[in-house]
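J.:
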């Protein structure tokens, strides 16, 4: 029994104490790191754009987590200087294996630096449209108009075209109305002008554009392009389209649509 007690006291107890201290350091360190990261994020939100604040907050959280892990390993007696060298070598190998993820990280940094969009902007990126919810380290989170959450990697975003529909305060509504060749063009233009003038959401400056844009195969196409505030875009587009159809019907103006004439020949049997 004395030999067992001696073995436990000399070999197991020191390691058990070190292990217990490492667990304590890790648990408390994770809690403190989370609180500090949230504190930094809250402080940054008061001074910076939410996009930048969230991005920097996530980076700070990761750095604090790495620091906690190293501190816990130090309690176990692991030589941290050697660990740093090992981590560096492993990081190189992992970096080569995860070059796409690192590319997304670099793209995220560029998005934060150049800021082509911000949280709350409606954008079209990498073939997806939606409102920006968050720009994370590796991906950007979008909320689509039908309330879907889409995660788009930052790499394809920075490599492709970025269409920001919210950056400018005003936006042009492009509409095309086709009428028959027998229609009175002056009357058509007058109706379009009246419908635009009656809608208070359509801006006077810049002035709306109402012109004949094309002599198509079966219709004369009018281009109707009023300017509106960003928030009014969809409402104006839908309301003007409906009002124009009603006014054309009241004035007896024909709106052509594709038709097919089928002729049947009776064959005597």
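In the numbering used here, the protein residues as written are 15 to 283. Just so you know, even glycine gets a beta-carbon here, dropped at the ideal spot from N, CA and C.
Identify whether residue 263 lies in helix, strand or coil by the three-state DSSP scheme.
T.: helix
J.: Just confirm the distance between the C-beta atoms of residue 146 and residue 135, as a whole number of angstroms; I'd bet it's less than 8 Å.
T.: Contact between residue 146 and residue 135 holds, since their C-beta atoms are separated by about 5 Å, short of 8 Å.
J.: Less than 8 Å between the C-beta atoms of residue 152 and residue 168, yes or no?
T.: yes
J.: Taking 8 Å as the threshold (C-beta atoms), are residue 72 and residue 131 in contact?
T.: no
J.: Could you give the distance in angstroms between the alpha-carbon of residue 243 and the alpha-carbon of residue 249?
T.: 11 Å
J.: State yes or no: is the C-beta of residue 149 within less than 8 Å of the C-beta of residue 126?
T.: yes
J.: For residue 227, collect the residues of the same chain with a Cβ closer than 8 Å to its Cβ; drop the 5 residues on either side in sequence, then sort them by chain order.
T.: 190, 235, 236, 237
J.: Evaluate residue 222 with the Cβ neighbour count: other Cβ atoms within 10 Å of its Cβ, from every protein chain shown; 16 or more gives buried, anything less gives exposed.
T.: Residue 222 sits buried, since 16 or more C-beta atoms from the chains shown fall within 10 Å of its C-beta.
J.: Tell me where the beta strand (DSSP E) around residue 162 begins and ends.
T.: Where residue 162 is concerned, there is no enclosing beta strand (DSSP E), given that its DSSP letter is neither H nor E.
J.: Assuming residue 241 contacts residue 206 (C-beta within less than 8 Å), just tell me the rounded distance between them.
T.: Not quite, the Cβ-Cβ distance comes to about 15 Å (not below 8 Å), so this is no contact.
J.: Where residue 137 and residue 184 are concerned, what is the direct C-alpha to C-alpha distance, given to the nearest angstrom?
T.: 15 Å
J.: Which ranges does the beta strand (DSSP E) cover as unbroken runs of at least 3 residues, wholly within the stretch 130–188, from first to last along the chain?
T.: Qualifying beta strand (DSSP E) stretches, in chain order: 136–139, 142–149, 153–157, 163–167, 176–178, 184–186.
J.: Between which two residues does the alpha helix (DSSP H) containing residue 210 stretch?
T.: 199–212
J.: Here's the rule I'm using: 16 or more other beta-carbon atoms within 10 Å means buried, otherwise exposed. How should residue 154 be labelled?
T.: buried
J.: What does the alpha-carbon distance come out to for the pair residue 264 and residue 128?
T.: Using only the alpha carbons, I get a separation of about 52 Å.
J.: Give a yes or no on whether the C-beta atoms belonging to residue 50 and residue 78 are separated by under 8 Å.
T.: yes
J.: Less than 8 Å separating the beta-carbons of residue 171 and residue 120?
T.: no
J.: Between the Cα of residue 257 and those of 55, 279, 213, spot the shortest distance and give me the residue it belongs to.
T.: 213
J.: Would you identify the three-state DSSP class for residue 217, choosing helix, strand or coil?
T.: coil
J.: Only counting the same chain, and skipping five residues up and downstream in sequence, which positions put a Cβ closer than 7 Å to that of residue 111?
T.: For residue 111, the pLDDT reaches just 48, beneath the cut-off of 50, and the residue's location in the model is therefore unreliable, leaving the point undetermined.
J.: Which residue comes first and which comes last in the beta strand (DSSP E) that contains residue 194?
T.: Segment: none, residue 194 is in no beta strand (DSSP E) and carries neither H nor E.
J.: With a 10 Å radius around its C-beta and 16 neighbouring C-beta atoms as the bar for buried, classify residue 266 as buried or exposed.
T.: exposed
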